[in-house]
Each structure stands twice: as C-alpha cells, then as structure tokens.
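A.B. asks: For the sequence shown, the numbering used here begins at 11 and goes up steadily by one.
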Amino acid sequence: MLNDHRRPDELIGWADRHGLSVQWRASDGWAVVEGAPDHVADAFRVEVHDYRGQRGQEFYASPQQPEVPPPLRDEVDQLGRILSYTPHHESRPDILPLDVPDRGLTPTALLNTYNAAGFARTGFTGKGTTIVIFAFNGFGQSDLDTFAELNGLPKFTPTVVGDELPEPYGETTMDLEVAHAIAPDARKVVVNARPTVEGDGAFQKIGQMMEDTDRRFPGAIWSLSIGWGCDKLLTAADLAPVRSALATAHTHGTTAFNASGDLAGLECKGGDDWDSPPGPADVGLDSIASLPEMTSVGGTTLSTDSQGKWLAEQAWFDVPLSQGTGGGVSTLFELPPWQDVAVEQVPAERNTGNRLTPDISAVADPFTGVKIVLNGDNVVGGGTSQSAPIWAGLAAVMTQFLTANGGGPIGDINPLLYRIAEGAPLPAFRDVTLGGNAVDTAGPGYDLVSGLGTPDVDNLARNLLTFQRIAQ
C-alpha cells in the first residue's frame, strides 16, 4: 500500500534497479511489484521457497514478512505477503432431502419470514435491478426452469460473464434460485470468478473482476459465496485492490453481500483434520468477507409456522458436522466508525478495536432452509452461502421500493445498518440472542455470530427511505 495516490517514482526506480517491475494506475493507492522469485528475495532480503500443499498445490512463498526498504518509506506504507497460493473455496451448500421435519421454505414462506410479502403483493419484485452472483462453477438451466415452474415464478436465463463456466455445481444453482425466489423480476448475472485463483495475483485479479463488473452493471447488487482464504494468511496491503474496487462500486449504487463462512468461526482451520480440538490459530475470518466495504452475512436456525410466519431464530451451529455461522474480529482492519455502536456489546476479551463480523444474518441451517431444485431433485439448501443471496434478493426488492418512492440505490449499506440499529423510526432487525458457534455466543444487540440480527424488510426499507430523504 502507498502513502498517497501520487505516482510512486521512488518505488518504480528501486524496482528497476533490482530487476523488478511495478504495476500502478493513476489514482490508485496501491501498486504491485513483480519479478522472478530470486530477484524478489534479493530485493526484500528474505527467503523465497517452493512448496507443495496438502492437496498437491505447488506455490512459492516467503516464510518471512518483508519490511518496507528504508529508501521507500516516504512512498510505501505497507507490504503484502510474498505468496502465490490462495487457499480458495466455494461454500458448499448443505443440502438435505425433503423428508426432514421442516420441509423447507417456499418463496412465499421465505418472503413471509422476513416480512417482505407485502412488497411482493404490491409489485416490488426486483424490477429494474440486477443481481450479480460471483461463482467458481456453473448452474443447471433445467433446474432453474423446474424451480420457476414449481413455484409459479417467471422462467429466467442468467447472463454469464467471462469464460465458459465449469460444470454445474450446487452452489451457483442454489444462489440463483434463492435470489429468484425473492426478486423474480430482477436480472440475474453470473460472473465466472474461477480465473482469480489461476496463477498469481489473486487479489489484484479479484479487484479487476469487480471493476469490470461495476462497469458492465453499475448499481448492481452483488452476492458472493466464495472464500479466498483466511485473513491471518494475508496483510491489509494484499486486499487493497479489492477494497478500492468495492469503494468505487459503492459510489455507483452497488451493495455487496458475502457469506461469513460455514466453519463456525474457525475459517483458518486448515486441511481435513477435524478430529483434534481447535486452537487459537484456527480462529479467523474469511478475508474478503471481513472487509469493511463488504457486508458480511451470518447464518441462523429458523423457526416459523406453517405459512412461514417468523417465530424465532438462533445462531446456526451444527456441532457434529463442525459447521456453523462464521464471524469474529478482524486481524487486519481497524473498527470502522459506523461500528462504534456495536463495541460495547462485544465481550471485553474479544474487543481488540478492530472490525467486527458478521454485520447481519439470515437462515442458513439446512434443516430450516429454502426449497430448491438441484440435479432434478427437490432438496433443501443451507449454509451462509444461502444467507448471502437471500440478502441480495431482499436488497433488490428494497432498491425497487426506494427508487419508486423518490430514493435510489443503496450503495454501501453498512453505515446505514448500524445507524438504523442505533435508532430509527421502525424496528428493522430481529435480535438473535440464542445459540453461538465454536468461538462466540449470541446475545442481546450486536454479537459476533449473528451481527445485528435478521431483517424485518418492510421496516428496514422504510427506514432506508427516511435516511435517503434526509440526505437529499
């Protein structure tokens, strides 16, 4: 990361003298230094080695965190890791057959659950909005068609951006169907994110992918159920390209939701060894979901009546499966000012003065999830990878409502969420006070497993409209 947005002439000259090159764009507050591993090692006075991961991945890395060379300290503030491996994953949807006691939420029940059915009855179905799903894999068009037919919804064919998507996989299909259940008239777009983890420079590629998406679909609502690695493996400088792209997209009206993770607060637990008890090194966050510019979505277990009317929720945690809502305290980013309202509600031993996650939640438990169609079968989905597209669909509905009533696209929703929680005309969140995950527990007000809670969409949208009118 650079100290300002001016051209880094000292860095460019220094890199050239060491056989390295610099990528920098005018106005960016970050730059990328590239070169052969031996040149990088010599320039930063560190060791760089080749490694093979537990699953056969070959990558290079330095066991040392490099320091900013003295000649560059007037221009360079922080350095990222020297690492070519990004331990990515796509949140695998937890799917159960329909013989579970709670047979899953239909679109109507899902809308009833979060008090959005009134909007649907009056025509607020996401018209004029775009929902973008970032995905590593493809979807089954026949599944989308069957889902729409079964639920009396319009059929849809998503726009695909990027190279041809890999073979269909449950995650992308679920994300699309869940978003469509809530906002059937929103345009659906799938962006192929697979190239971001092919080769080096993952976070630069993610930033470029987001910039391209923002140019193509300004003001779209983004849903991400992808993990690009534990925050403890990175530095804030590594994530600068992504933060920059998100901040720019916000100015065009985009709101971005990311699944907080399904490892119950242990996003840094590596490999497949779940037999040993977790230790402090396992506690962590998904790196992208922890960004202050990203709205991190946690997960709950839901209780409703037969029509989907909300009765209760608690934090989702399935102990036998070692699954549950993600959340916790960032190791990389300071507490944003808009989260000050939440600090006093976090246990003192967890209050480090850094960013808190998640921000909000929605149903994630596969025993109480949304009915979807996958590979021709009726199943019930789950995971926080379900929670994120739920919020994306709700945001599309709220955006249509806001625009129709003199407001506009939401943009960065995080400051507004906490402002509404602090005091707004209508109660917009259902407080989740029961349950927990492997690290934290739920409690009154903000907590590190459910955030501010789950939405009462009718009230939340009207509060957002009030604040938009005040800002005009």
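Here a beta-carbon is modelled for each residue, glycine too, at the ideal position from N, C-alpha and C. Computed from a prediction, not measured in an experiment: that's the story for all the values here.
For my contact list, V373 and F129 are in at a C-beta cut-off of 8 angstroms; report their separation, rounded to the angstrom.
C.D. replies: Looking up residue 373 in the sequence shown gives position 363. Looking up residue 129 in the sequence shown gives position 119. Actually they do not touch by this definition, with Cβ atoms about 18 angstroms apart.
A.B. asks: Among Q214, P178 and D224, which residue has its Cα nearest to the Cα of I141?
C.D. replies: For the purposes of this step, residue 141 is taken as residue 131 along the sequence shown, with counting starting at 1. Ranking the options by Cα distance to I141, first place goes to D224.
A.B. asks: Under 6 angstroms Cβ to Cβ from D155, same chain only, skipping five residues before and after it: list those, please.
C.D. replies: Walking along the sequence shown from the start, residue 155 turns up at place 145. Hits under 6 angstroms: K165.
A.B. asks: Bridge partners of T311, per DSSP?
C.D. replies: Your numbering for residue 311 matches position 301 in the sequence shown. For T311, which the question treats as bridged, DSSP gives the partners Q324.
A.B. asks: I'd like to know whether the C-beta atoms of K262 and G39 end up nearer to each other than 9 angstroms.
C.D. replies: Walking along the sequence shown from the start, residue 262 turns up at place 252. Walking along the sequence shown from the start, residue 39 turns up at place 29. Inspection of the sequence shows that residue 262 is occupied by His rather than by Lys. No, the Cβ-Cβ distance between H262 and G39 is not below 9 angstroms.
A.B. asks: Considering L243, what are the terminal residues of the beta strand (DSSP E) in which it resides?
C.D. replies: By 1-based counting over the sequence shown, the position of residue 243 is 233. Careful: L243 lies outside any beta strand (DSSP E) and carries neither H nor E.
A.B. asks: So the candidates are S332, P81, A203 and I216; which of them puts its Cα closest to the Cα of G393?
C.D. replies: Sequence index remark: in the sequence shown, residue 393 carries index 383 (1-based). The shortest Cα separation from G393 among S332, P81, A203 and I216 belongs to S332.
A.B. asks: With burial defined as no fewer than 16 other Cβ atoms inside 10 Å of the residue's Cβ, what is the status of G294: buried or exposed?
C.D. replies: As a first step, residue 294 is located in the sequence shown; it is residue number 284 there, counting from the start. Buried.
A.B. asks: Could you tell me the distance, in whole angstroms, from the CA atom of W284 to the CA atom of L276?
C.D. replies: If you number the sequence shown from 1, residue 284 lands on position 274. If you number the sequence shown from 1, residue 276 lands on position 266. With a pLDDT of 48 at W284, under the threshold of 50, the modelled position of that residue is not reliable, and no figure is offered here.
A.B. asks: Quick check: does the Cβ of D296 come within less than 8 angstroms of any heavy atom belonging to the ligand COA?
C.D. replies: Ligands are entirely absent from the displayed structure, and the ligand COA is therefore not among its contents.
A.B. asks: Measuring only the C-alpha atoms, how far is L436 from Q396?
C.D. replies: The residue you call residue 436 lines up with position 426 of the sequence shown. The residue you call residue 396 lines up with position 386 of the sequence shown. Their backbone Cα atoms lie some 26 angstroms apart in a straight line.
A.B. asks: How close, in whole Å, do the beta carbons of I236 and G403 come, if the pair is a contact with beta carbons under 8 angstroms?
C.D. replies: By one-based count along the sequence shown, residue 236 stands at place 226. By one-based count along the sequence shown, residue 403 stands at place 393. In fact, because the Cβ distance is near 18 angstroms, the residues do not count as touching under 8 angstroms.
A.B. asks: Runs of 3 residues minimum, wholly inside the segment 169-214: which ones carry the beta strand (DSSP E) assignment?
C.D. replies: With a minimum length of 3 residues, the continuous beta strand (DSSP E) runs that stay inside the segment 169-214 are 169-171 and 197-202.
A.B. asks: How long is the line joining the alpha carbons of M304 and K137, rounded to whole angstroms?
C.D. replies: Mapped onto the sequence shown, residue 304 falls at position 294. Mapped onto the sequence shown, residue 137 falls at position 127. Going by the C-alpha atoms only, they are around 24 angstroms apart.
A.B. asks: Less than 9 angstroms separating the beta-carbons of N424 and G334?
C.D. replies: Position 414 of the sequence shown, counting from 1, holds the residue named residue 424. Position 324 of the sequence shown, counting from 1, holds the residue named residue 334. No, these two residues do not count as a Cβ contact at 9 angstroms.
A.B. asks: Identify, in the order they occur along the chain, each residue of the same chain with its Cβ nearer than 8 angstroms to the Cβ of T169, setting aside the five sequence neighbours on each side.
C.D. replies: Counting from 1 along the sequence shown, the entry for residue 169 is found at position 159. Cβ neighbours of T169 beyond the five flanking positions: R197, K198, V199 and V200.
A.B. asks: Give the DSSP-derived three-state secondary structure of L115 in the structure shown.
C.D. replies: One-based indexing of the sequence shown puts residue 115 at position 105. Of the three classes helix, strand and coil, the one that applies to L115 here is strand, per DSSP.
A.B. asks: Could you have a look at S270 and say whether DSSP puts it in helix, strand or coil?
C.D. replies: Taking the first residue of the sequence shown as position 1, residue 270 is located at position 260. Here S270 sits in coil by DSSP.
A.B. asks: Name the DSSP bridge partner or partners of W232?
C.D. replies: For this step, residue 232 is matched to residue 222 along the sequence shown. Partner(s): V142 and A266.
A.B. asks: May I have the straight-line CA-CA distance separating D109 from P376, to the nearest angstrom?
C.D. replies: Within the sequence shown, numbered from 1, the residue matching residue 109 stands at position 99. Within the sequence shown, numbered from 1, the residue matching residue 376 stands at position 366. In this prediction, D109 has a pLDDT of 30, which is less than 50 and means its spatial position is unreliable; nothing more can be read from the coordinates.
A.B. asks: Tell me the DSSP bridge mates of D296?
C.D. replies: The count along the sequence shown starts at 1 and reaches residue 296 at position 286. In DSSP, D296 forms a bridge with C240.
A.B. asks: What are the boundary residues of the alpha helix (DSSP H) that N128 is part of?
C.D. replies: Position 118 of the sequence shown, counting from 1, holds the residue named residue 128. Contrary to the premise, residue 128 reads as Gly rather than Asn in this sequence. Residues A127 to R131.
A.B. asks: On the CB-based measure, 16 or more other CB atoms within 10 Å of its CB, does E77 come out buried or exposed?
C.D. replies: In the sequence shown, residue 77 corresponds to position 67, counting from 1. Label assigned to E77: exposed.
A.B. asks: Grab me the residues of E221's own chain with a C-beta within less than 6 angstroms of its C-beta, minus the 5 sequence neighbours each way, in chain order.
C.D. replies: Walking along the sequence shown from the start, residue 221 turns up at place 211. Result list for E221: A255, in chain order.
A.B. asks: Should Q317 go down as buried or exposed, given a rule of 16 or more other Cβ atoms within 10 Å for buried?
C.D. replies: The sequence position of residue 317 within the sequence shown is 307, counting from 1. Q317 is exposed by the Cβ-count criterion.
A.B. asks: I420 by DSSP, collapsed to three states: which one?
C.D. replies: As a first step, residue 420 is located in the sequence shown; it is residue number 410 there, counting from the start. Reduced to three states, the DSSP call for I420 is coil.
A.B. asks: List the DSSP bridge partners of E221.
C.D. replies: Position 211 of the sequence shown, counted from the start, is the residue given in the question as residue 221. In the DSSP output, where bridge partners are listed per residue, E221 has none listed.
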